[in-house]
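**Q** Just passing along the structure, written as structure tokens.
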Amino acid sequence: MNEAEVRDVLRAYDLGQLHETEPLDCDPRRPWRVSTAGGEYVLRECRSNGSPADLAFEHGLADWLADGGLPVSRAVVTREGQTWVEKGGRFFALHPYSPGEPFRAGDARQAEAAGACLARFHEVASQYSGARDRKPQPAYRTAQVDAHTLCSRWPHREEVKCLVQDFERLEDELTSYSLSEALLCNDFSTGNVVFEGRRVPGIFDLECCHWGPRLRDLANSILWFGLVEAAEDDAVVTVVTVYRFDLSCARALLRGYAGAHPLPGAELRLLLLALRRQIRRWALFDQVDAQGPGRWRADEWQFSRKQIGLVDASAHLLADG
4 MNEAEVRDVL RAYDLGQLHE TEPLDCDPRR PWRVSTAGGE YVLRECRSNG
54 SPADLAFEHG LADWLADGGL PVSRAVVTRE GQTWVEKGGR FFALHPYSPG
104 EPFRAGDARQ AEAAGACLAR FHEVASQYSG ARDRKPQPAY RTAQVDAHTL
154 CSRWPHREEV KCLVQDFERL EDELTSYSLS EALLCNDFST GNVVFEGRRV
204 PGIFDLECCH WGPRLRDLAN SILWFGLVEA AEDDAVVTVV TVYRFDLSCA
254 RALLRGYAGA HPLPGAELRL LLLALRRQIR RWALFDQVDA QGPGRWRADE
304 WQFSRKQIGL VDASAHLLAD G
């Protein structure tokens, strides 16, 4: 979106005088913050849910979650009574701005609050009408699609073959078990949750929700809150971005989740398997984004391998804490 597009979409709403618009970050796909006489809002383009039926599900789910006490903002209604705006085949939605601060890396209390919030999300969202029939939307990239893309681009690279084989082995093993299911947030991450101290006042991005094993959603969130980015100076005066696996935050998120919505012991014993499967799923996704059709990015590959190594080396300690 650009500013002209933002202003054009906002004409569909009764918001009073427009004061200011600004992108929330430099990525053109990201939402815009909008300040008006009637308050502050966030305008986003709906890319994954790109049909009226999809948007009706998402916005109805947001209302359901808000009624259930979760900090999810409802979509603002246009002058015509809709919760979205269509422009040239593109869909846009406006939500009240939720103030808060990003997750503070290393803050176990915030991680625990996030875990409890995810558990409540699974409990309430799974009761929403149509939740059990909800499938991933066409725009959602599966790990299998990413694996096929990587293998077709780099058919002779052993690194790719090993990653894909690792993922497939872990996926087959995990799916061989009968796991409890829920409507998954599928992106309950540090970028989609804000905090006020140790409270969660805002959860965002319901575009990718679909029905599936809740253990996968839990593993995904443990990685988001447990893999902590840090900058370290190397020998040449440059700054290198590295990650560490923060077991205290990972354990705190798991503790918060289990305290609100206990996991059966049999599933808890599969958590390490789910974490390893998920970190390889991340690697597949990241590599498809990073590797252009004709160029191999060794630095991005090593970055993914380091993340995998961190999780494989220490995730088993989660249960010990």
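Heads up, our numbering is the position in the sequence shown plus 3, with the first residue counted as 1. Ideal placement from N, C-alpha and C gives every residue a C-beta, glycine not left out.
(1) Please work out which residues of its chain come closer than 6 Å, Cβ to Cβ, to S129, disregarding the five sequence neighbours upstream and downstream, and give them in chain order.
(2) Please report how far the alpha carbon of D169 lies from the alpha carbon of L271, in whole angstroms.
(3) Taking a contact to mean a Cβ-Cβ separation below 7 Å, would you say Y16 touches T86 in this structure?
(4) Indicate the three-state DSSP secondary structure (helix, strand or coil) for C252 in the structure shown.
(5) Identify every run of the alpha helix (DSSP H) within the segment 8 to 78, keeping only runs that are complete inside it and at least 4 residues long; order them along the chain.
(6) For a test of the three-state rule: what should DSSP assign to D236, helix, strand or coil?
(7) Starting from G133 and walking both ways along the beta strand (DSSP E), at which residues does that stretch end?
(8) Please confirm whether R201 and Q140 have their CB atoms less than 7 Å apart.
(9) V197 and G103 look like a contact to me (Cβ under 8 Å); what is the Cβ gap, rounded to whole Å?
(10) Under 8 Å by Cβ, that's how I've got R123 and L166 pegged, so tell me the actual separation to the nearest angstrom.
(11) Could you tell me which of H22, A117 and G71 sits nearest to D220, measuring between CA atoms?
(12) How would you label V239, buried or exposed, when you count the other beta carbons within 10 angstroms and need 16 or more for buried?
(13) Can you check which of these residues, T145, S179, F94 and N189, is closest to G121 by C-alpha distance?
(14) Does the Cβ-Cβ distance between G229 and F207 come in under 7 Å?
(15) So what's E176 in DSSP terms, helix, strand or just coil?
(16) By the three-class DSSP mapping on this structure, what secondary structure does W214 have?
(17) Roughly how many angstroms separate the alpha carbons of K138 and D302, rounded to a whole number?
**A** Concretely, from the data shown:
(1) A185 and L186
(2) 21 Å
(3) no
(4) helix
(5) 55 to 70
(6) Its pLDDT being 49, under 50, D236 is placed unreliably by the model, and the measurement read from it follows with that caveat. Correct three-state label for D236: strand.
(7) Element bounds for G133: n/a, residue is neither H nor E.
(8) no
(9) 3 Å
(10) Actually they do not touch by this definition, with Cβ atoms about 34 Å apart.
(11) A117
(12) Below a pLDDT of 50, predicted positions are generally treated as unreliable, and V239, at 46, falls in that range; the measurement from the model is reported next regardless. V239 is exposed by the Cβ-count criterion.
(13) The amino acid at residue 121 is misidentified as Gly; the sequence shows Leu. Measuring from the Cα of L121, the nearest candidate turns out to be N189.
(14) no
(15) helix
(16) strand
(17) 35 Å
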